[in-house]
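Undergrad: Counting in full-length UniProt numbering, the sequence shown runs from 1 upward without gaps.
From the three backbone atoms N, C-alpha and C, an ideal C-beta is built for every residue, glycine too.
Here you go, one structure.
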Amino acid sequence: MDGNRRYAQEKKLGKKSEGHKKGFERLKLTLEWCLELGVNIVTVFAFAIENFNREQQEVDLLMDLAKTKLREMANEGEFLEYHQIKVNIIGDLTLLPKDVLKAMEEIMEITKNYKKMEFNICFAYNSSFEINQSLKKTQETLQKQIKENDQQKSDNSQNDLIKNKENNQKVNDSPYQIFLKNLMISQPPDIIIRTSNEIRLSNFLIAQSTNSQLQFIKENWPEISIFSILSIIIQFQLNEKILQAQNQKLKDIIYNIA
1 MDGNRRYAQE KKLGKKSEGH KKGFERLKLT LEWCLELGVN IVTVFAFAIE
51 NFNREQQEVD LLMDLAKTKL REMANEGEFL EYHQIKVNII GDLTLLPKDV
101 LKAMEEIMEI TKNYKKMEFN ICFAYNSSFE INQSLKKTQE TLQKQIKEND
151 QQKSDNSQND LIKNKENNQK VNDSPYQIFL KNLMISQPPD IIIRTSNEIR
201 LSNFLIAQST NSQLQFIKEN WPEISIFSIL SIIIQFQLNE KILQAQNQKL
251 KDIIYNIA
């Protein structure tokens, strides 16, 4: 969701806050478009940890805007309930003011059982924080598995052998698989769209995006349209078909050689 401030400047809206407000308005529209296009997981980068380094007035405005818009969505209810949109807030929530955190907790509680779309809002987030948290959890998991494995080896009773078989899947998970499962967002995105003509990921979903299609577009976030999103989805589908055809051709070649 990049380019709100640039949009306000280009459109001569006067205040940066007007650009941020337009950005939040565009977010709801974008969710509706994604639903119409059959997209069931949407993740937006709303506020980076680094954004706390901006002028305090702008940070306060963004916090107040987030609180207000989240409460509007929660209080209106019909939009989220009708579309069955589950809201997840991803990031270091300990950095947030209590009133903002309360608004986030409320909307997550209201939507926790909705299942048609998963809407992840990355707020007070960056990949460095997410990766660090996952590494800590992975270390704890591996240490626990090693301890359990040692205990099982020291006890040769039939019951423990049965338990060992039941736990094989957990024990056999590679550290990398465990690391991926421990990420705040474990589902890798098919497509990452960066607005405002910036050619970088800016510490967003770094661990999950190894196979993602990256799209960098000129439009500022408040200007993004359904046609932009539709074009990107069509391009993704075409690329997927090409890759599948190439993979099948490679399999046929290997089969013929064998």
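#1: Of the residues Phe24, Gln84, Ser134, Ile110, which one's Cα is nearest the Cα of Ile206?
#2: Alpha carbons only, please: which of Ile224, Glu78, Val42 is nearest the one belonging to Glu25?
#3: Rounded to whole angstroms, how far is the Cβ of Ile107 from the Cβ of Ala74, which I believe are closer than 8 Å?
#4: Suppose you measure from the CA of Asp64 to the CA of His20; what does that come to, to the nearest Å?
#5: With a threshold of 16 other CB atoms inside 10 Å of the CB of Asn4, please say whether the residue is buried or exposed.
#6: Taking all protein chains shown into account, decide if Ile193 is buried (16 or more other Cβ within 10 angstroms of its Cβ) or exposed.
#7: Run through the stretch 46-113 for me and flag every whole alpha helix (DSSP H) of 4 or more residues, listed as ranges in chain order.
#8: Name the DSSP beta bridge partners of Val42, please?
#9: Name, in chain order, the residues that DSSP records as bridge partners for residue 288.
#10: Between which two residues does the alpha helix (DSSP H) harbouring Pro175 extend?
#11: Identify which residue in Phe204, Phe129, Tyr114, Ala245 has its Cα closest to the Cα of Asn40.
#12: Give me the DSSP bridge partner(s) of Tyr125.
#13: Along the chain, where does the alpha helix (DSSP H) containing Leu37 start, and where does it finish?
#14: Would Trp221 and Asp60 be called neighbours here (beta carbons separated by less than 8 Å)?
#15: Could you pull out every residue in the same chain whose Cβ sits closer than 6 Å to the Cβ of Phe216, ignoring the five residues on either side in sequence?
#16: Could you tell me whether the Cβ atoms of Phe52 and Ile89 are closer together than 8 Å?
#17: Counting along the chain, where does the alpha helix (DSSP H) carrying Ile223 start and finish?
#18: Taking a contact to mean a Cβ-Cβ separation below 8 Å, would you say Gln208 touches Ile191 in this structure?
#19: Among the candidates Gln56, Leu101, Tyr125, Asn182, whose CA atom is the shortest distance from the CA of Ala48?
#20: At the level of alpha carbons, what is the spacing between Thr138 and Thr68?
#21: Nearest to Cys34 by CA position, among Ala245, Phe227, Gln235, is which residue?
#22: Report, in whole angstroms, the separation of the C-beta atoms of Leu31 and Ile85, which I expect to be a contact under 8 Å.
#23: Pro188 and Asn211 look like a contact to me (Cβ under 8 Å); what is the Cβ gap, rounded to whole Å?
#24: Can you give the Cα-Cα distance for Glu58 and Lys16, rounded to whole angstroms?
#25: Just to confirm, is the Cβ distance from Leu93 to Leu101 under 8 Å?
#26: Is DSSP giving Arg200 helix, strand or coil here?
#27: Anyone know if the C-beta pair for Thr70 and Ala103 falls short of 8 Å?
TA: From the atom records:
#1: Ser134
#2: Ile224
#3: 4 Å
#4: 11 Å
#5: buried
#6: buried
#7: 56-76, 78-83, 98-111
#8: Phe119
#9: The question about residue 288 has no answer here: the residues shown for the chain are numbered 1 through 258.
#10: 175-181
#11: Tyr114
#12: Ala48
#13: Looking at the DSSP string, Leu37 is not in any alpha helix (DSSP H), and its letter there is neither H nor E.
#14: no
#15: Arg194, Ile199
#16: no
#17: Residue identity differs from the one stated: residue 223 is Glu in this sequence, not Ile. From DSSP, Glu223 is part of no alpha helix (DSSP H); its letter is neither H nor E.
#18: no
#19: Tyr125
#20: 36 Å
#21: Phe227
#22: 7 Å
#23: 6 Å
#24: 8 Å
#25: yes
#26: coil
#27: At residue 70 the sequence reads Leu, which differs from the Thr that was named. Contact: yes.
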